[in-house]
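Chemist: Starting off with a structure, shown below.
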Amino acid sequence: MDTTGPLSSDGLVQLLTPSGERIGHEQFDAYASHLTAHDLRAFWRDMTVLRAFDMEATSLQRQGELGLWVQSWGQEAAQIGSGHALREPDFVFPSYREHGVALTRDVDLVEILRIFRGLQHGAWNPADHGFHLYSLVIGTHALHATGYAMAMDRDGLVASGTPAADGAVVAYFGDGATSQGDVSEAMVFAAVNNAPVVFFVQNNQFAISEPATRQSRVPIADRGKGFGIPSVRVDGNDVIASHAVTRWALEHARSGQGPVLIEAFTYRRGAHTTSDDPTRYRSKAQEEYWAERDPIARLDAYLTSTGELTDEFRAQVAAECKALGERTRTTVRSWSKPATATMFDHVYALPHATVEAERAWFERYESSFEDLEAAR
Amino acid sequence: MPTFQQFTMPDAGEGLTEADIITWMVGPGDTVEVNQPIVEIETAKSLVELPCPFDGVVSRLLAQEGETVDVGAPILEVDVDPNGEAPAEPAPSADAATAPAAAPAAAPASPAHDVPAQDAPVPSADAAAGSSSDEGSGAVLVGYGVRAGSAQRRPRNADALEPVGGAQDLGDYPVLAKPPVRKLARDLGVDLTTVTPSGPGGLVTREDVEQHVKATAAQTLATYPGDDQPWLETGTTQGDGRTTRVPVKSVRKRTAEAMVQSAFTAPHVTEFHTVDVTETMNLVAKLKQDRDFQDVRVTPLLIVAKALLLAVRRHPEINAAWDEDAQEIVYKHYVNLGIAASTPRGLVVPNIKDAHRLPLHALAVELQHLTAEARAGKLPPAAMTDGTITITNVGALGIDTGTPILNPGEAAILAFGAVRQQPWVHEGEIKVRWVTQLALSFDHRLVDGELGARVLYDVGRVMEDPAQGLVWA
Ligand SMILES: Cc1ncc(C[n+]2csc(CCOP(=O)(O)OP(=O)(O)O)c2C)c(N)n1
Ligand SMILES: [Mg+2]
């Protein structure tokens with residue numbers, strides 16, 4: 161399914177072929193050389209656990225326990241690989257699909273489901289995880305990330321002279337988001353302010369039903385040039401390459417050299433969300449082509465061939481997945497609906513007259529319903 | 029003893045209210061486990077396989093293939109303790125408290141598990157047609173929208189839900205209306221709070237807005253070419269041919285009502301002031317030459333308007349209203365400056381919104397625009413509401429002055445008389461000067477004679493010496 165333009169696989173940085181063969185790369189091998197067999201097994205474990213969780217959440221949506229679910233299926237390598245390149249005091253601004261990055265930032269995956277059960281707008285403290293709340297408004301957080309990065313620079317957290325203490329920001333968004341004005345504005349600001357921000361685009365080839373060919377004539381990474389931002393295209397189904405490229409980009413940003421644009425070329429194996437039906441706009445053949453390039457299968461093949469993936473380890477991870485599935489089910493089902501008025505709680509950090517007036521109105525409105533009991 | 033659990037129809041999309049059962053993959057007696065696909069359903073959006081939420085043995089299918097089932101209604105019953113060790117428990121029904129908040133809170137009470145499955149209704153033709161339609165995209169954040177009309181409404185208390193008497197009955201609830209209806213209202217200049225809603229739960233519909241516009245728009249007088257007495261148009265000439273009786277309606281009716289209401293609720297006091305406006309006339313002449321004012325007509329009315337705005341700024345208490353019901357005086361922090369305009373349809377008082385914020389040129393532009401639109405009968409209703417203080421330019425008709433009646437809901441109105449050349453004592457000598465009369469009527473309930481006098485005096489000061497405006501600006 162190699163094509164031209166944004167779907168071409170030209171110039172993709174790759175360290176692991178689809179068949180699981182480890183290959184070299186002049187520039188980026190150095191950024192993967194530290195990875196031990198133990199590290200790679202950990203990548204495999206994280207991707208496997210993430211996928212199991214993803215499938216469990218999908219089932220829960222189908223059972224009426226979640227209002228919506230957004231799958232990360234197929235994008236595990238891009239997320240786990242890049243997420244493991246992060247450290248303190250790096251800060252992440254995710255979209256809504258970045259469950260894998262959340263995992264690498266020690267967010268309890270189950271907690272994420274509070275959002276998708278319609279209980280909370282965010283379910284973790286961003287400060288505790290260096291991981292901002294999910295942004296459902298496409299592309300808006302590219303600006304937030306850039307502003308945060310500029311602030312980190314002013315706080316002396318960039319090129320401080322102590323490289324181990326330096327930090328940077330990563331903004332995750334999709335191919336579709338690159339068409340959003342906010343994203344272009346963010347790149348303009350990031351470039352001219354030399355902001356330590358990495359724009360990590362997961363080109364999963366679709367913005368809901370719109371193929372990436374309708375977002376750009378050229379590979380998305382090529383856009384960086386126009387903004388004056390160094391860019392890399394990486395095989396997003398290759399966890400090792402995704403990790404190496406992100407590591408390089410973060411070092412670049414943390415050391416005061418400014419922003420980087422990474423295009424991780426991948427494929428959204430599931431539907432856009434549980435409300436979507438992809439059979440309406442893409443072929444079975446295409447899905448099968450990409451199933452053969454699955455990110456977990458690729459690392460699995462490599463680790464199996466090197467003898468690093470024992471049956472014992474597989475069984476251990478399988479048990480972990482099963483336990484997580486059970487914990488997910490029981491936890492989600494145990495969550496009751498909070499008072500609807502709690503939606504006013506975190507609008508502003510301090511009391512705010514307008515919000516208080518709206519809350520008071522809302523409470524009166526709520527009490528006007530007959531089925532008061534059910535509403536509580 | 030067996031323990032039965034029911035699986036209720038989930039909302040597999042965002043905001044769906046029903047789905048069709050396509051194929052059952054299990055039947056009574058089958059052992060099932062958690063997340064095993066059990067049934068294929070079709071929603072308005074797609075074909076979806078539902079996974080079983082329980083481990084156990086299927087005891088009953090509660091919905092037939094082909095049946096359209098409401099979200100929240102039970103479709104399957106599973107014995108989750110088929111070996112009978114646990115004590116019997118009644119099957120829990122769909123419990124709103126544990127369903128996700130995003131799903132509609134309550135499905136219509138449906139005793140589906142008491143109804144033999146064979147008696148279940150067959151799918152209706154509409155349901156099938158509805159599910160294949162792709163119209164209607166409501167706003168959902170991550171994805172495409174919900175089908176029009178798929179939202180469920182919770183019943184409101186009888187007293188809370190009383191749309192009949194109009195929007196006022198809803199107390200201070202904001203108006204309920206869908207975004208396209210809000211846009212329509214904005215485009216038509218209709219204040220939604222004044223529209224009587226007819227939709228469920230007090231929702232204002234598109235038809236309501238259209239109806240409101242029809243009811244409140246100034247009716248065009250159907251005059252015939254050459255008809256020079258348009259005011260007789262709707263009248264009936266009496267038998268003796270000496271009079272025509274014309275039903276009072278439209279602008280005339282509203283003018284009459286407003287004037288009666290105003291004159292007989294607000295005790296009016298009028299004060300008069302004659303001023304030498306020669307400097308104002310000089311300023312008008314100069315502005316007419318000014319490059320910046322080439323695109324707009326400059327008239328003495330513009331300077332009066334500016335003078336009044338300056339006076340209001342110095343005495344903001346004049347820009348107020350008496351609220352009889354609340355027994356409160358409403359002081360307004362904005363000036364919507366009314367300009368009484370005589371039009372072919374009668375007297376209207378449109379106002380310039382937030383006139384206090386406008387620099388002189390912008391004020392001139394607005395003034396010209398307003399009068400032109402008024403004459404053309406193109407003013408939207410919103411231009412006529414929420415005025416805070418008014419000027420009536422009686423001088424335009426060559427009249428020296430009058431005692432203007434307040435525009436209802438305002439505390440003051442200024443009449444600007446004709447500007448005439450008259451003999452006037454100027455710097456100790458009798459000179460020919462431009463002179464005019466100003467008259468200010470005010471609501472004596474909230475404006476005392478002194479305040480009225482100060483406002484009127486200040487308007488006169490600026491007219492006499494526009495440079496004073498620099499001091500007060
Ligand atoms: C500003 C904005 N516009 C539109 C939407 C509706 N929407 C939700 S997801 C989506 C597609 C995003 O595609 P992409 O950026 O490629 O991210 P992906 O979902 O593929 O991860 C759109 C248009 C939105 N959430 N926000
Ligand atoms: Mg995409």
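Top line first, the protein sequences correspond to chains H and Z.
The first sequence begins at 161 in my numbering and counts up by one.
The second sequence begins at 29 in my numbering and counts up by one.
Ideal Cβ positions, reconstructed from N, Cα and C, are used throughout, including at glycine.
1. Any heavy atom of ligand 2 closer than 7 Å to the beta-carbon of Ala400 of chain Z?
2. Since Arg88 of chain Z is in the beta strand (DSSP E), which residue starts that stretch and which ends it?
3. For Ala381 of chain H, is the beta carbon positioned less than 7 Å from some heavy atom of ligand 2?
4. Using only the alpha-carbon positions, how far apart do Ala411 of chain Z and Ala368 of chain Z sit?
5. Hey, how far is the Cα of Asp398 of chain H from the Cα of Leu459 of chain H?
6. Return no unless some Cβ of chain H is closer than 8 Å to the Cβ of Thr45 of chain Z.
7. Any C-beta of chain A sitting closer than 8 Å to the C-beta of Val453 of chain Z?
8. Less than 7 Å between the CB of Arg428 of chain H and some heavy atom of ligand 2, yes or no?
9. In terms of residue numbering, what span does the beta strand (DSSP E) encompassing Lys459 of chain Z cover?
10. Quick check on this structure: which residue in H:Tyr294, H:Ile240, H:Met347 has the alpha carbon closest to the alpha carbon of Gly386 of chain H?
11. Any chance the CB of Ala367 of chain H is under 7 Å from a heavy atom of ligand 2?
12. Anything in chain H within Cβ reach of Leu78 of chain Z, meaning under 8 Å, just list it in chain order.
13. What is the DSSP secondary structure of Arg325 of chain Z, counted as helix, strand or coil?
14. Determine the chain H residues that contact Thr262 of chain Z at a beta-carbon separation under 8 Å, and present them in chain order.
15. For a cutoff of 8 Å on Cβ pairs, would you count Thr514 of chain H as touching chain Z?
16. Evaluate Lys497 of chain H with the Cβ neighbour count: other Cβ atoms within 10 Å of its Cβ, from every protein chain shown; 16 or more gives buried, anything less gives exposed.
17. Compute the distance between the beta-carbons of His301 of chain H and His292 of chain H, then report whether it is under 8 Å.
18. CB Gly327 of chain H to CB Arg414 of chain H, shorter than 8 Å?
19. Flag Arg257 of chain H as yes when its Cβ comes closer than 7 Å to any non-hydrogen atom of ligand 1, and as no otherwise.
20. What does DSSP give as the partner residue(s) for Thr420 of chain Z in the beta ladder?
21. Helix, strand or coil for Gly158 of chain Z? Go by DSSP, reduced to three states.
22. At a CB distance below 9 Å, what residues from the stretch 421-434 of chain H approach chain Z? Give them in sequence order.
23. Nearest to Val361 of chain H by alpha carbon, out of H:Val343, H:Thr373, H:Leu220?
24. Quick one: which chain H residues come within Cβ less than 9 Å of Ser290 of chain Z?
25. Do the CB positions of Glu299 of chain Z and Ala424 of chain Z come within less than 8 Å of each other?
26. Compare the C-beta of Trp437 of chain H with all C-beta atoms of chain Z and state if any pair is closer than 8 Å.
27. Exposed or buried, what is Gly260 of chain H when buried is set at 16 or more other beta-carbons lying within 10 Å of its beta-carbon?
28. Where in the stretch 352-420 of chain H do unbroken runs of the alpha helix (DSSP H), each at least 4 residues long, occur, reported from the N-terminal end onward?
29. Just checking, does the stretch 415-429 of chain Z make contact with the stretch 333-343 of chain Z on the three C-beta pairs under 8 Å criterion?
30. What are the residues of the stretch 208-219 of chain H that lie near chain Z, defined by any Cβ-Cβ distance shorter than 9 Å?
31. Along chain H, in chain order, which residues have C-beta atoms closer than 7 Å to that of Ser74 of chain Z?
32. Quick one: is the Cβ of Gln340 of chain H within less than 7 Å of any heavy atom of ligand 1?
33. Step through the CB atoms of chain H and report whether any lies within less than 8 Å of the CB of Gly344 of chain Z.
34. So is the beta-carbon of Asn111 of chain Z under 7 Å away from any non-hydrogen atom of ligand 2?
35. Just to check my reading of the structure: Leu228 of chain H and Glu42 of chain Z have Cβ atoms closer than 8 Å, yes? What is that Cβ distance to the nearest angstrom?
36. Our contact map puts Phe188 of chain H next to Thr488 of chain H with C-beta atoms below 8 Å; I'd like the distance itself, whole angstroms only.
Modeler: Reading it off the structure:
1. no
2. 84-89
3. no
4. 12 Å
5. 8 Å
6. no
7. No chain A appears in this structure, whose protein chains are H and Z.
8. yes
9. 457-471
10. H:Met347
11. yes
12. Arg222, Gln223
13. coil
14. Under the 8 Å cutoff, chain H gives no residues; its nearest Cβ is about 45 Å from Thr262 of chain Z.
15. no
16. buried
17. yes
18. yes
19. yes
20. Z:Ala368, Z:Ala443
21. At Gly158 of chain Z, the pLDDT of 36 sits below 50, so the modelled position is not reliable; the number obtained from the coordinates is stated separately. Residue state, collapsed to three classes: helix.
22. Ala431, His432, Thr433, Thr434
23. H:Val343
24. Residues of chain H passing the Cβ test: none, with the nearest at roughly 33 Å.
25. no
26. The displayed chain sequence assigns Asp, not Trp, to residue 437 of chain H. True, the Cβ-Cβ gap to chain Z drops below 8 Å.
27. buried
28. 383-387, 399-414
29. yes
30. Met215, Glu216, Thr218, Ser219
31. Asp437
32. yes
33. According to the sequence as given, residue 344 of chain Z is Pro; it is not Gly. For Pro344 of chain Z, the answer is no, since every Cβ of chain H falls outside 8 Å of its Cβ.
34. no
35. 6 Å
36. Actually they do not touch by this definition, with Cβ atoms about 36 Å apart.
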